[in-house]
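Each position in the first sequence, counted from 1, maps to that position plus 129 in my numbering.
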Amino acid sequence: MHYQHRIAYPEKQFEVSPPYQSCFYPKAYSKKPTFALVQNRVFCLMLQVSVLRDNTELVLAGLAKRHYKTAEADVSAILNLDQRRKQLQTEHDQAQAEANDLARQIGGLMKSGDKAGAETLKARTAELKQLTKTHSDELVQVEEALQQTLYKLPNVPHSSVPEGRSADDNEVVREVGTKPELPATAKPHWELIEQYDIIDFALGNKITGAGFPVYKGQGARLQRALINFFLDEARNAGYTEIQPPILVNEASGYGTGQLPDKEGQMYHSTADDLYLIPTAEVPITNLYRNEIIAPDQLPVRNAGYTPCFRREAGSWGAHVRGLNRLHQFDKVEIVQITKPEDSYAALDGMVVHIEGLLQKLELPYRVLRLCGGDMGFTSALTFDLEVWSAAQQRWLEVSSASNFETYQANRLKLRYRGDNGKTQLLHTLNGSALALPRIVAALLENNQAEDGIQLPEVLHSYCGFSKIG
RNA sequence: AGAGAGGUGGCAGAGUGGUCGAAUGCGACGGAUUCGAAAUCCGUUAUACCGGCAACGGUAUCGGGGGUUCGAAUCCCCCCCUCUCUGCCA
């Protein structure tokens, strides 16, 4: 008996263009000037202290959506520390200015041979020296405390982010494609990969450990095919291909927000103090750390394939069999850097791009808007894309596309020069396009048949075969 | 890994204790000249923080940190990085 499934999509689903209409966001967000003013302050300058100071109520309301318990205490601590910081800075600068002036005078006196006059002035410089030392010591303490607290504070969610505590509260934006009906004899992918001998967990376990599978034969070729397919699609969509290092230094970890929040999630090479990247987002976004980008270079659109490494300590258990969760996996990531006013349109575009990939792979999927409680630490708005895994009868997350607004840019010191000639923080975004393992799981399960696994058309030329088995 | 050299503004490259945030050149920007352009000439040309509505003023930054000194790009100590040679190596 054959039970081959080709999912039937309504034809229009394949038309990513004509012009994509944003259906995700309140219309007010993109255009309305009244809102734009608020947006400009709160959402474009997020987590700069000045913003916290001028928009405390809005920030607190946003953080409440995340159920971030100590928001009020943290914000008020930040404001107090900042006030103290300014005061100290002013006093310190004044004392230093006087000292500099005296030093100049002393120089003049020495030159003219007035030793005694110089000595008189030196008495005052000694006092000033003590004063500036006291000030700068406290200043260092205050700034450190300020930074520590700022680093603890997550991004403020976008206004469209729904209330909610967990993944159950995420909003299903849309569901596309038809779930295949499999017979009772259908196998989950971990049985299929054994049956066809394409991925070997035992071997990976032998040479490395659990969560490091070995891809063999058609399995390995499928991996390579998917990577090439994703990269080609990204290039066609206007992204520049990047091949970054997969070890990064500590500064990069802080830049994109993995540190200090997710210290334990990354593999750390202590001998060299380098981290194995959990996603290509880290190196590709950090390319622009501490840069001022010329406006005509914007938007930056980069894509890259890398292996990704995640310790995922403590999160093993049910639902993580087979390819569902790994310590090492392959992923193609897309990254954008845009002007603040362009970032939400860019996020739309990224989601559309990712949907295009899933449609070409003929996988049923759904798009979720993550609720406040389920969003990542650094994100202002995140869409997850999940594919239907027909044998497991579950949705599997294969992509996450986020707008970080200025949150990462503030840490990265990533700016451009605005029309007024002043430097201004940019917005950063990224999305998986796509993560491979769960795509493979869904492809295997959804397309299984007695005589093998029929791959979607688009992969045939990339693989060099059309069927596994 | 061993030996040596070096890290200065967008780049190149001076500066070895006192108006040095830093000569000079290139590049970029604005202007003059030109029908237009090249050439030439004049001017501008970093970032962050503090104060100020602003104009503007102050402070800091010459790889990073600490020290000496009234005063540090310049002297001393530690660390990091880059280059050259030797060794090793895909």
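Glycine included, every Cβ here is placed at the ideal spot set by N, Cα and C. Computed from a predicted structure; not experimentally measured.
Check	Outcome
Where the alpha helix (DSSP H) containing Phe-359 begins and where it ends	347–365
Alpha-carbon to alpha-carbon, Ser-472 and His-448	35 angstroms
Inside the segment 260–316 only - beta strand (DSSP E) runs reaching at least 3 residues	300–305
Cα-Cα separation between Thr-507 and Phe-359, rounded to whole angstroms	25 angstroms
Rounded C-alpha distance that separates Asp-203 from Leu-250	45 angstroms
Exposure of Asn-229, with buried meaning 16 or more beta-carbon neighbours within 10 Å	exposed
Asn-575 versus Glu-526 - alpha carbon distance	16 angstroms
Straight-line gap, Arg-546 to Ala-409 (C-alpha atoms, nearest Å)	27 angstroms
Euclidean distance between Cα positions of Asp-548 and Ala-296	41 angstroms
Residues bridged to Glu-515 (per DSSP)	Arg-495 and Glu-526
Sub-9 angstroms separation of Arg-195 and Gly-485 beta-carbons	no
Under the three-state DSSP convention, the category Leu-257 falls into	helix
Buried or exposed (CB count within 10 angstroms, at least 16 for buried), Asp-503	buried
Straight-line gap, Lys-198 to Leu-275 (C-alpha atoms, nearest Å)	18 angstroms
Sequence-distant residues of the same chain with beta carbon closer than 7 angstroms to Gln-83, five excluded per side	Examination of residue 83 is not possible in this model, given that the chain is present from 130 through 598 alone.
Three-state secondary structure (DSSP) of Tyr-536	helix
C-beta atoms of Val-461 and Pro-412 nearer than 9 angstroms	no
Given Ser-518 as reference, the closest of Arg-303, Glu-310, Thr-261 and Thr-219 once Cα atoms are compared	Glu-310
Burial state of Asn-415, where buried means 16 or more other Cβ atoms lie within 10 Å	buried
Boundaries of the alpha helix (DSSP H) in which His-482 is found, first to last residue	472–489
CB of Ala-562 within 9 angstroms of CB of Glu-272, strictly	no
DSSP-derived helix/strand/coil call for Gln-394	helix
Continuous beta strand (DSSP E) stretch holding Ile-568: start and end	No beta strand (DSSP E) contains Ile-568, which is instead part of the alpha helix (DSSP H) from 565–575.
Identity of the residues DSSP links to Cys-437 by a beta bridge	Phe-458
Simplified DSSP assignment, three categories, for Gly-593	coil
Status (buried if at least 16 other CB within 10 Å, exposed otherwise) for Gly-191	buried
Other residues of its chain near Glu-227: CB distance less than 7 angstroms, five sequence neighbours each side excluded	Leu-257
Beta-carbon proximity check, Leu-497 vs Asp-513, cutoff 9 angstroms	yes
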